[in-house]
Amino acid sequence: MRNLELFSTASIDHLMWSSSGYAAKLDSPALSIFTDFDHSQPMAVDSSTGAMDTADIMEKTHAFMRLVVDKSNRFLGVVTKYELSDSKMMKLANQRSTTIKDLQVTDVMVPREALMALDYHQVSTAKVSDVIRALQENGLHHILVIDHELHHIRGLISANDVARKLNVPIDIQQPPSFMQIFKATK
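Under the UniProt record's numbering, the residue at position 113 of the sequence shown is numbered 113, and the numbers go up by one with no gaps.
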């Protein structure tokens with residue numbers, strides 16, 4: 001093992017800025033905003049993890065979403081901060097006549113059967129604006145990207161990551177529920 005030497009920053013007063021000058025734009029290739037699991041490790045949580053422990057992990061890692069996998073790393077679904085909110089977990093625990101502490105991540109996750117995704121080959125020819133439109137039209141803060149040929153989750157696109165790369169806010173509204181539409185038509 002090598003010991004690394006520490007240096008004082010007292011005389012350092014400038015930041016290194018990228019000389020490439022690349023910033024994503026609406027007409028940039030969608031792959032420029034894509035988190036590719038071929039190049040970066042997916043953020044996953046084991047299906048045997050408690051819901052409260054998952055909430056703690058996500059809080060400590062500043063994550064808004066995690067993939068849920070079983071012991072064999074098979075994809076089961078996703079969990080977001082929304083599903084892990086105290087009110088959602090309390091409601092579920094009451095429905096099941098249990099406590100929040102007894103809930104597992106699999107109890108609160110969105111199962112893979114209920115998820116929609118973009119295809120990697122479609123994303124590889126799309127523009128950033130196309131992806132933003134898909135996120136906004138579907139009220140999604142995250143969208144998985146699948147590779148049909150290899151039959152696996154290839155990566156994901158996060159509205160927060162896109163907003164950061166574009167340096168603009170992206171407004172994602174949840175699609176109206178049936179009840180909201182019904183009330184609006186009265």
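C-beta: ideal position from N, C-alpha, C; glycine also.
The model shown is predicted, which means the values in this text are computed figures rather than measured ones.
Under the three-pair Cβ rule at 8 Å, the segment 134-153 counts as touching the segment 72-81. If you draw a straight line from the Cα of Pro169 to the Cα of Asp46, it comes to about 32 Å. Scanning its chain for C-beta atoms nearer than 6 Å, with the 5 sequence neighbours on each side dropped, one finds around Val128 the residues Ala24, Leu26, Ser28, Ala30 and Ile33, in chain order.
For a cut-off of 8 Å, the C-beta gap from Met43 to Leu67 is around 7 Å, short enough to register as a contact. Judged by DSSP in its simplified three-state form, His148 adopts coil rather than helix or strand. Here Phe37 is buried: its Cβ has 16 or more other Cβ atoms, across all protein chains shown, within 10 Å. In the DSSP assignment, no residue is bridged to Phe37. Secondary structure of Gln173 (DSSP, three-state): coil. According to DSSP, residue pairing for Gln104 in a beta bridge involves Gly50. Around the beta carbon of Leu103, a 10 Å sphere encloses 16 or more other beta carbons of the protein chains shown; the residue is thus reported as buried. Rounded to the nearest angstrom, the gap between the Cα atoms of Ile100 and Asn73 is 25 Å. Under the Cβ criterion (8 Å, minimum of three pairs), the segment 54-67 does not count as touching the segment 3-17.
Only buried fits Met89, as 16 or more other CB atoms lie within 10 angstroms of its CB. By the neighbour-count criterion, in which 16 or more other beta carbons inside 10 Å mark a residue as buried, Met116 falls on the exposed side. By alpha-carbon distance to Met109, the top candidate from Gly50, Leu4, Ser97 and Arg2 is Gly50. Distances from the alpha-carbon of Gln136 to those of Ile12, Val123, His151 and Ala159 put Ala159 closest.
Residue burial annotation: Ala55 is buried, with at least 16 other C-beta atoms found within 10 angstroms of its C-beta.
Collapsing the DSSP output to three states places Arg164 in a helix. Arg133 carries a helical assignment under DSSP once its states are collapsed to helix, strand and coil.
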